[in-house]
Every structure is written in C-alpha cells, then in structure tokens.
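The structure appears below as structure tokens.
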Amino acid sequence: MLIQIPPRSHCPSSEITPESVYLSRRRFLGVAGTALGAAALPAWALADDAPRYPGVEPGRPPAWFAQKLPDTRWQAVEAPGEAITPYRDASHYNNFYEFGPDKGDPAANAGQLPTEPWTVRIDGEVGKPGQYALEDLIRPHALEERIYRLRCVEAWSMVIPWLGLPLADLLTRVEPTGKARYVAFETLVDPEHMPGQRSHFALLDWPYREGLRIDEAMHPLTLLAVGMYGRVLPNQNGAPLRLVVPWKYGFKSIKSIVRISLTEQQPYATWNRRAPGEYGFYANVNPGVDHPRWTQKRERRLPSSLFSPNLRDTLPFNGYAEEVAGLYAGMDLTRDY
Amino acid sequence: MKHPFWRCGVFVAALLPPPYWLYQAWTFALGPDPGKVLLERLGQGSLVLLLLTLCLTPLQRATHWSGWALVRRQLGLWCFAYACLHLSVYLLVVLGLDFALLGDELRKRPYILVGALAWCSLLPLALTSNRFSMRRLGRRWKQLHRLAYAALGLGLLHMLWIVRSDLGQWTLYGVWALLLLALRLPGVGRRLGRGRAAS
Ligand code: HEM
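Below, the structure is given as structure tokens:
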C-alpha cells in the first residue's frame, strides 16, 4: 500500500499575499475577465477570482458582499508571529450545536441553511429599532480584515482572518439610548435546517443567546463578521453574520445572528444559564481560572498532531490584555469569570 | 481449539481499529485535533467492548452456542487495552506528559477521578484473566468479576459528566447497560435460559 502523507499547509502571516501584489493580480484578472466576456460569468465566480489563502473554497457570496471586497481594508489588524490556521481546519472543526454535537457536524449539515435574504431585528433601548435587511446594515461600512486568535473554552485555539466591521460602528448607527447597559444577541431558530434543534436529547434551549456589557460591545476589537479567509462566512462558521470577541472564550462569539437587543438588565446567556459554575457571563480567557472539567492554563493550537500536540500557555485575555484589561478594572475576575 | 475462525475473527476485529485510527491521525484524516478524536474513540471503544463483554453470558444462555463464552476473556482484555490506550492518549495530548498535573487533575475534576476509578476496577479483572488465577480464586473469582458492572457504571458516569450539548449517544449506551442489568435480575435471566432449553 502506498502511504501518502499530505503536506501540512501552514500559512505564516508573512506568507499572506501582500496587498499590492494582490491588487495588481486582481486588476489584471479583472481586465482579462472583461476581455473574455465576463458578462457570461456569474457574479460569485468573479468575486473570488484570487483566493487570498491556500485551500479556500470560493463560496457563493451574495452581490452585496462581492461589492464590498474592493474597498476592504486587508490586514487591518494582524497577529504578529502567529501562523494562520488552514482554512479547511477552521471550516471543518466547529462547535455549532444547532447542526449537531460533533466537531464535524456543522460542516456536514450546515450547507442547506438559507442565508440570503437575511434580516436582523434590532430592538430594545435604541433610537432606531427595526427589522433590517443584512445588506442595509452592512452597506454604509467598509469591511476590515482582522487576524484574531480564537480560544475555545475546551482548551484548543486557532488563528483566523475575519472580515467584518466593528460592532461599535453598527451600534452607533442605531443610536443606543442612555439606558442601554448591555447588548443581547440571538441565533436563528430553524429546526428544518438545523438538525441539532430537532434532537430530543439536546441539553441547550434554543435560540442560542449571548450578551456583552455595552463597553465590551463598543470596544474597538469587538467585530461583527460577515466573512473569513477573504470570502463570505461558510454556513458552519456562522453565516451570514456572527460576533467575534477575541479576548473571550469562543462560545461568546455567537453565530448566525437574527436579533440584537440593547437592554438595561444583564441578558440571558445560554451556556451561562446551562451551567453557571462552568461558564461565566464574562467568559474572559483566563489561565488563572480553570473550567471544572479541563485546565485553562494551556491550549492546543490547531492543527495539532498526535506526537506534537502543539500545547502552549494560554495568555490572560487571550493575549489582548493590553487593549481590554482596563474594561475590568476593579473587578475580581476569579469571581466574575 | 473450538471455533478457531470465530475467535480469530473477534481478535482481528478488536485489534484493527486502534492502528487504523493511528494511521488516520497520521494522515490528518482525523482533522486538526487528532489527539482529542483518538481520545474519544478509544474511550467509547472501551465502553462498547465492556458492554459487548457483558452481553456474552446472556447470549450464551439464550442460544446455547459455546462460541460466546469462548471470546469473553478476550473481549474483556480488549476493553482494558482500549482503556489503557485512552489513558495514554490523555497523558500525551491533554497533559503533555506533565505527570505532576495528574494529581491536580484527579483532585479537581471529578470526571477524571471517576474515569480513573473505572480503570482501577478493570485492572484486577485484567490481572486475574488467566487459568491460574481462576483456579486459585475459585468462587471468589466470580465475585471479583462482578467489578465489571462497577466499571460499567463508573464509565457511564464518566462519560455523562463530559456530555456537553446532546445526550443522544450516551442514552444509547445507558439503555444498553440497563438491559444488561435487567438480565442479571435472577427471574429474568433464568426465564431466558429456560425458554430456549425447552424448545
Ligand atoms: C484514568 C483513567 C481515565 C482518564 C484520565 C480518562 C480521561 C478522559 C478524558 C480527558 C476524556 C475526554 C473529555 C472531554 O471530552 O473533554 C474522556 C472521555 C471518555 N472516556 Fe475516559 N478516562 C479514563 C478512563 C476511562 C475508562 C476506563 C473508560 C471506559 C470504561 C472511559 C470512557 C470514556 C468515554 C466513553 C469518553 C467519552 C468520549 C466522547 O466524548 O465521545 N474512560 N476520558
């Protein structure tokens, strides 16, 4: 038997195509495409003419997303010295319990989820509540690429280039009132397309809900993502709209958002309610506070392999302490974990 | 030797999964976190082998085929072997071979303690799975091997503690274990044996 060992596609940030090269390549392809009669091609084929990362499946971005790409600020936030997790791993190793309990379930089951058109209800303590079409929410903003570490509460981590906009920009547009102290988020409920929501043995109650304090929500690192790896979000990663809060455990970064409410009271947070002793409302990455079932002192940076598990020390606030520690001044983070 | 093909078949079927999983881990077919996947497969493998082992006596009673009892020791030892591999993978990929952490983990995490207790109840069974011990222990051998049920209960509790979002898989094992326990009830077991003998 021929034993084939596939090459590891590590992608240090130094290998990301520089923007200038990318732009000239894009321009060239654009011209060539027009010459070849681009009108015959569907929009999504053109939009993804040059994958920015190896192994990225093109996806089928809606027109509004494709139109955003030329003005996107690539690598607006970098992760110096970190190797970007291969796209395949980031898109095939997911916790998204709406699509099933195993890490591979979301990639296997999320394909049929309709994400276009998509509306987001914004309500509560805001001056401009309403049902917004996703494209109307995004249209006024330029997208940014941000390369963030993602630390899961299960002690593994990845490095992912997201595409999105600061949550603060969107919140400012809907004009929070003086009473808005928290932001609550809700995931879609769609049992027809989400098999995990049909399971009779599920321990979570749907919809999945999460929340942030308003100052956390307004922090410049907090991102509303619509894409990753230079493309639209794959369904299993929370298409078409998800939160990314890089200094908190991954479960705070809620996926497939259909509702954003500004509230006076601390909102319901799914895992926090399910097991308050295990998942705090804040859920800041903290090597000093162990989860009862696993240590948080270290993490496996994925991809890991059997004989070099790639274990590394977990950093306070996932390495973003300088930016965010001030939000928690005076709080006892071993109690408010 | 009676039923050589059956015994060899069972041996090979129990032997093959771990090397195959290792090969998959080696070729990245288990995804980006192969250690974790391997850990879970070996844990579930051990539990399933324990459940299978405990099925053999009722099966023998029901069918009067001698082949069932012939693979009982073998399957029991496989269950222990999987448990040992499960433990090794844990030490390697979760603790990074930092054995000082083990005491900490045992103290802080009840599910680890329960897993360790399950392993500890399998250990004497594995050590006494030979003719010599059977002869020496006599009646007490049978009593000692009731520990298999303790291991089953502890293994299930260990797994229950880890379940995060969906109880489906665990319920399957739990119902299987309950059926086995029900068969141990004196009345039920005897009826099963008699029903077949009369026909
Ligand atoms: C010292 C002994 C043991 C240790 C340290 C240990 C440790 C672990 C760990 C760390 C996990 C994964 C937890 C997670 O998902 O985060 C696990 C899962 C599991 N273990 Fe053990 N274990 C031990 C003994 C056993 C034994 C003896 C059995 C079987 C009888 C067993 C069956 C399982 C099962 C079924 C799972 C769940 C796998 C899954 O999630 O799919 N374990 N164990």
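Keeping their order, the protein sequence lines are chains L and R.
Residue 295 in the working numbering sits at position 299 of the first sequence, and the numbers go up by one each step.
Residue 951 in the working numbering sits at position 8 of the second sequence, and the numbers go up by one each step.
Even for Gly, the Cβ is constructed at its ideal location relative to N, Cα and C.
List, in order along the chain, the chain L residues whose C-beta lies closer than 7 Å to that of Leu1054 of chain R?
Against the second sequence, residue 1054 of chain R aligns to sequence position 111. In the sequence as displayed, the identity of residue 1054 of chain R is Tyr instead of Leu. Near Tyr1054 of chain R (Cβ distances below 7 Å), the residues of chain L are Arg289.
Please report whether the beta-carbon of Val955 of chain R lies at a distance below 8 Å from any beta-carbon of chain L.
Position 12 of the second sequence, counting from 1, holds the residue named residue 955 of chain R. Answer no: the Cβ-Cβ gap between Val955 of chain R and chain L never drops below 8 Å.
Where does Pro203 of chain L land, buried or exposed, given buried means 16+ other C-beta within 10 angstroms?
Counted from its first residue, the first sequence places residue 203 of chain L at position 207. Buried.
Counting C-beta neighbours from all protein chains within 10 Å, is the total for Tyr144 of chain L 16 or more, i.e. buried, or is it exposed?
Against the first sequence, residue 144 of chain L aligns to sequence position 148. Under this definition Tyr144 of chain L is a buried residue.
The stretch 66 to 95 of chain L: which residues have C-beta closer than 9 Å to a C-beta of chain R, in chain order?
Thr81, Pro82, Arg84, Asp85, Ala86, His88, Tyr89, Asn91 and Tyr93
For the ligand HEM, any of its heavy atoms closer than 7 Å to the Cβ of Val1037 of chain R?
The count along the second sequence starts at 1 and reaches residue 1037 of chain R at position 94. Val1037 of chain R Cβ: within cutoff of the ligand HEM.
Would you mind sorting Gly107 of chain L into buried or exposed? The rule is 16 or more other CB atoms within 10 Å of its CB.
Here residue 107 of chain L refers to the residue found at position 111 of the first sequence. Exposed, because fewer than 16 other Cβ atoms sit within 10 Å of the Cβ of Gly107 of chain L.
Gly1058 of chain R and Pro305 of chain L: beta carbons closer than 8 Å?
The sequence position of residue 1058 of chain R within the second sequence is 115, counting from 1. The sequence position of residue 305 of chain L within the first sequence is 309, counting from 1. Cβ distance not < 8 Å, so Gly1058 of chain R and Pro305 of chain L don't count as in contact.
Cβ neighbours of Leu1070 of chain R in the same chain (closer than 6 Å, five flanking residues each side left out)
For the purposes of this step, residue 1070 of chain R is taken as residue 127 along the second sequence, with counting starting at 1. Excluding positions up to five away in sequence, the list is empty.
Closer than 8 Å to chain L by CB, Ser1076 of chain R:
On the second sequence, residue 1076 of chain R is found 133 positions in, with the first residue counted as 1. No - not a single Cβ of chain L is within 8 Å of the one on Ser1076 of chain R.
So for Val241 of chain L, helix, strand or coil by DSSP?
Counting from 1 along the first sequence, the entry for residue 241 of chain L is found at position 245. Note: Val241 of chain L maps to coil in three-state DSSP.
With a threshold of 16 other CB atoms inside 10 Å of the CB of Glu53 of chain L, please say whether the residue is buried or exposed.
Residue 53 of chain L sits at position 57 when you count from the first residue of the first sequence. Exposed, because fewer than 16 other Cβ atoms sit within 10 Å of the Cβ of Glu53 of chain L.
Listed in chain order, which residues of the stretch 1107 to 1118 of chain R have Cβ atoms closer than 9 Å to some Cβ of chain L?
Arg1107, Ser1108, Asp1109, Leu1110, Gly1111, Gln1112, Trp1113 and Thr1114
Do the stretch 66 to 76 of chain L and the stretch 132 to 140 of chain L touch if we need at least three Cβ pairs shorter than 8 Å?
yes
Let me check you understand the geometry: is the CB of His287 of chain L closer than 7 Å to at least one non-hydrogen atom of the ligand HEM?
In the first sequence, residue 287 of chain L corresponds to position 291, counting from 1. Checking every heavy atom of the ligand HEM against the Cβ of His287 of chain L, none is found closer than 7 Å.
Buried or exposed (CB count within 10 angstroms, at least 16 for buried), Lys175 of chain L:
As a first step, residue 175 of chain L is located in the first sequence; it is residue number 179 there, counting from the start. So Lys175 of chain L counts as exposed.
Let me know the beta strand (DSSP E) ranges lying completely inside the stretch 166 to 199 of chain L, each 3 residues or longer, listed in chain order.
178 to 183
Chain L contact residues for Leu981 of chain R, given Cβ-Cβ distances below 8 Å:
Counted from its first residue, the second sequence places residue 981 of chain R at position 38. Under the 8 Å cutoff, chain L gives Leu302.
Residue-level contact to chain R via CB, Ser153 of chain L, 8 Å cutoff:
Residue mapping note: residue 153 of chain L aligns to position 157 of the first sequence, counting from 1. So, not an interface residue.
For the alpha helix (DSSP H) that Ser1064 of chain R lies in, which residues bound it at each end?
Position 121 of the second sequence, counted from the start, is the residue given in the question as residue 1064 of chain R. Ser1064 of chain R -> alpha helix (DSSP H) spans Pro1053 to Leu1070.
Partners in chain R for Leu199 of chain L, counting only beta-carbon separations shorter than 9 Å
Translated into positions along the first sequence, residue 199 of chain L becomes position 203. The answer, in chain order, is Val1106, Arg1107, Ser1108, Asp1109 and Leu1110.
Please say whether Thr996 of chain R and Cys1022 of chain R have beta carbons closer to each other than 8 Å?
Stepping through the second sequence from its first residue, residue 1022 of chain R is reached at position 79. Stepping through the second sequence from its first residue, residue 996 of chain R is reached at position 53. Cβ atoms of Cys1022 of chain R and Thr996 of chain R: closer than 8 Å.
Looking only at its chain, what residues have a beta carbon closer than 8 Å to the beta carbon of Phe24 of chain L, apart from the 5 residues adjacent to it on each side?
As a working note, residue 24 of chain L is residue 28 in the first sequence. The predicted position of Phe24 of chain L is uncertain, since its pLDDT is 39 and thus under 50; a value taken from the coordinates is nonetheless stated next. Excluding positions up to five away in sequence, the list is empty.
I'd like to know if Ser252 of chain L contacts chain R, where contact means its C-beta is closer than 8 Å to some C-beta of that chain.
Locating residue 252 of chain L in the first sequence gives position 256, counting from the first residue. No, its Cβ sits nowhere closer than 8 Å to a Cβ of chain R.
Where Val1057 of chain R meets chain L, residues with beta-carbon distance less than 8 Å
Sequence index remark: in the second sequence, residue 1057 of chain R carries index 114 (1-based). Here the premise fails: no neighbours, minimum Cβ distance about 11 Å.
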